[in-house]
Amino acid sequence: MATIAKNPLVLVDGSSYLYRAFHAFPPLTNRLGEPTGAMYGVLNMLKSLISQVNPSHIAVVFDTKGKTFRYELFKQYKSHRPPMPDDLRPQIEPLHRIIKALGIPLISIEGVEADDVIGTLAVQAAKDGKDVLISTGDKDMAQLVNDHIMLINTMNNTLLDREGVIEKYGIPPELIIDFLALMGDSADNIPGVKRCGGKDRISFIARHWFT
């Protein structure tokens, strides 16, 4: 059974938190009628995570506005996604200010996604021997899992270590990239390789072709 390392570095996928909180928590407003539900949800999720994990260090990472380098590689990348909900947009800047006021580092780098920043920080920390806990609901992050890097999904409080990745996807973390490349990702509007079959068949191909 997966267990969290003592006092890990915690990297929070703030963009994932934001949308999850917006859809999971009630549409609250302040006395001026301004929406606050997503802010309330994110801050409660952060509070719960910090209390549970007791991290040595923590940072929250958000996507930036505008297109990233992936758009230059594939023009249809995420092109099918609807615009940000009107009630969510005005909550972003106040939320950023609150997180900073709490003394939590907030990272957002133009031209790259939060995933890329988290991946870079996690891999570097792991190379230095630091245990890392990534808080996200993004399946792409499974490729990062190793002896020093673990995932936690705060919506259902599940942990994902190396054995968990194998159990969930049928392949080890180092093959997740190949698995997703073959399968594609409807959430990001990325097509898979034709005639590869379903998830189980793609797992089989990844295991036996790329090892």
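For the sequence shown, the residue numbers in my numbering are -13 to 197.
C-beta: ideal position from N, C-alpha, C; glycine also.
Could you check the C-alpha separation between Thr140 and Phe11 for me, to the nearest Å? Spanning the two alpha carbons is a distance of roughly 14 Å.
Report all residues from its chain with a CB closer than 6 Å to the CB of Ser2; omit the five preceding and five following residues, and keep chain order. Excluding sequence positions up to five before and after Ser2, its CB lies within less than 6 Å of the CB of Thr122, Gly123, Asp124, all in the same chain and listed in chain order.
Which residue wins for smallest C-alpha separation from His82, given the options Val109, Lys113, Val47, Gln38? Val47
Which residues bound the beta strand (DSSP E) around Ala45? 43 to 47
Determine whether the beta carbon atoms of Leu119 and Val(-4) lie at a separation below 8 Å. Yes.
First through last residue of the beta strand (DSSP E) which encompasses Asp164: For Asp164, no beta strand (DSSP E) run applies; the uninterrupted alpha helix (DSSP H) run containing it begins and ends at 162 to 169, by DSSP.
By DSSP's criteria, Ser121 is part of a beta bridge. Which residues make up the other side? Val(-2), Ile138
Is the distance from the Cβ of Ala(-12) to the Cβ of Leu145 below 8 Å? yes
Work out the CA separation of Ala108 and Lys102 for me, nearest whole Å. With the sequence shown as reference, residue 102 is identified as Asp, and Lys is not the correct amino acid for it. Roughly 10 Å between the two C-alpha positions.
Beta carbon of Ala24, beta carbon of Asp117: below 8 Å? no
Please confirm whether Val151 and Leu168 have their CB atoms less than 8 Å apart. no
Where does the unbroken beta strand (DSSP E) through Leu145 begin, and where does it stop? Judged by DSSP secondary structure, Leu145 falls within the beta strand (DSSP E) whose first and last residues are 144 to 146.
Does DSSP put Pro13 in a helix, in a strand, or in coil? Pro13 sits in coil when the DSSP states are folded into three classes, being neither helix nor strand.
Residue closest to Lys53, alpha-carbon to alpha-carbon, out of Gly97, Glu79, Tyr155, Ala128: Gly97
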